[in-house]
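Residue numbers (this note's numbering): 177 to 527. For each residue, glycine too, the CB sits at the ideal point set by N, CA and C. Before any comments, here is the structure.
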Amino acid sequence: MKLHKIIETHLLKRSALSYGLYPVGVLYQWLQSLHRTYYTTKAYKAPCKVISIGNIVSGGSGKTPLTIAIARLLLSKGYQVAISHRGYKGKFENDPHLISDSRGVLFSAEVAGDEAYLIASTLPGIPVVVGRKRRDAIRLLLKSYPATQVVLLDDAFQHVKIFRDLDIVSFSADTGLGNGFVIPAGYLRENLSVLTDKCVAVIYRMTENKVALAWEDEVTAAVKHVFHSYSSATKCEDIKGLRYDLESLKGKRLVLVSGIANPASFESTINELGLSYIRHYAFPDHYSFENKTLAAKLLQEMPEIILCTQKDIMKLARHAEIESRLRALVLDYSFNNEEAVSEVLLDCLRA
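Now the structure itself:
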């Protein structure tokens, strides 16, 4: 059974398998609680403000675009911002490195990690450091940029070894809390009890709609503030960053390629744009696209355009045969109430 089918059948819904694994999930949550309690008392406190952006689910919830949006918001208010990212599946996970500085991006997506590279390339001039050991990464960052006023920790809600002034927890409207069980019985990394009044929740939707969500009240009861965000496709771009109107995709033979946590959301966006496509090649999140036969397989479909995500385009570009056909869908991320989000952030930074 493919991974997305397992998620749909056993993690987003309750099944015999998820009920059978429920005791394991309870044990896992207990161990997580011990870990959180122990390391919270020993957390490293940086000499600047620290805001974590993460989630309590095991799949995609819009963390990376949320990090970019928060960084832009703080920059617009005049703050010196830097970002710490694990650099997952990059070359520096175990050896902290600055992958971008005031001059721009210093390493490729393969070296930096796809999400870290996307953040660095989208936010030119903002220092981005990667490394699994966040304390070492933050120290390296502040040694190079001592004027930094706030560090954003991307995908770090579970990284309790670092003291945070604010936790921003992202939820996807598509998957929500899953079946309500903790992994491996469900979709949750931790249950809602870990959320506190130091947490802000952001519920992310692929489109701007305000349909009520059955689980939203549970989240609202657990945190201090709940905000909503959405994305809209505005352009597509090639590997050089040149942008094109979405009209340029209509009537073309499109093949979709993605290596993200929620490929169904990519398909949904394409469908909402009224675009038709031949096939969607969906790979696991953070897929390297190193397969030497991939380009030939894609070209067999005779596509005029190979449409992918911004996270994946630079990795796909390693295949010279398809480079000229690659386009990445550009999504603009917005808050329903940016002024209120800004006020919460500023209150935190002024404290």
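{"Item": "Please classify glutamate 497: does DSSP put it in a helix, a strand, or coil?", "Value": "coil"}
{"Item": "I want to know whether the segment 493-512 touches the segment 466-478 - three or more CB-CB distances under 8 Å.", "Value": "yes"}
{"Item": "Please state whether the Cβ-Cβ distance between arginine 310 and serine 260 is less than 8 Å.", "Value": "yes"}
{"Item": "Using the Cβ count rule (16 or more neighbours within 10 Å means buried), how would you classify glutamine 325?", "Value": "exposed"}
{"Item": "Where does leucine 161 fall in DSSP's three states?", "Value": "In the structure as shown, the chain begins at 177 and stops at 527. Residue 161 is therefore absent and cannot be evaluated."}
{"Item": "Taking leucine 368 and glutamate 394 to be in contact with their CB atoms under 8 Å, please state how far apart those CB atoms are, rounded to whole angstroms.", "Value": "6 Å"}
{"Item": "Apart from the five residues just before and just after threonine 240, which ones in its own chain have a Cβ nearer than 6 Å to its Cβ?", "Value": "Glu291"}
{"Item": "By Cβ distance below 8 Å, which residues in the same chain neighbour phenylalanine 339 in space, the five residues on each side in sequence not counted?", "Value": "Ala219, Tyr220, Lys221, Ala222, Val226"}
{"Item": "Just verifying my parser: in three-state terms, what is the DSSP assignment at aspartate 312?", "Value": "helix"}
{"Item": "How close, in whole Å, do the beta carbons of glycine 352 and leucine 389 come, if the pair is a contact with beta carbons under 8 Å?", "Value": "6 Å"}
{"Item": "Whole-angstrom Cβ separation of asparagine 512 and histidine 401, contact assumed at under 8 Å?", "Value": "Not confirmed; about 12 Å, so no contact."}
{"Item": "How many whole angstroms separate the CB atoms of methionine 490 and isoleucine 415, which I take to be in contact at a CB cut-off of 8 Å?", "Value": "7 Å"}
{"Item": "For proline 300, which residues from the same chain have a beta carbon less than 8 Å from its beta carbon, with the 5 sequence-adjacent residues on both sides left out?", "Value": "Ser276, Gly280, Val281"}
{"Item": "Let's test the definition: count the other Cβ atoms within 10 Å of the Cβ of leucine 425 and tell me whether it reaches 16, buried, or not, exposed.", "Value": "buried"}
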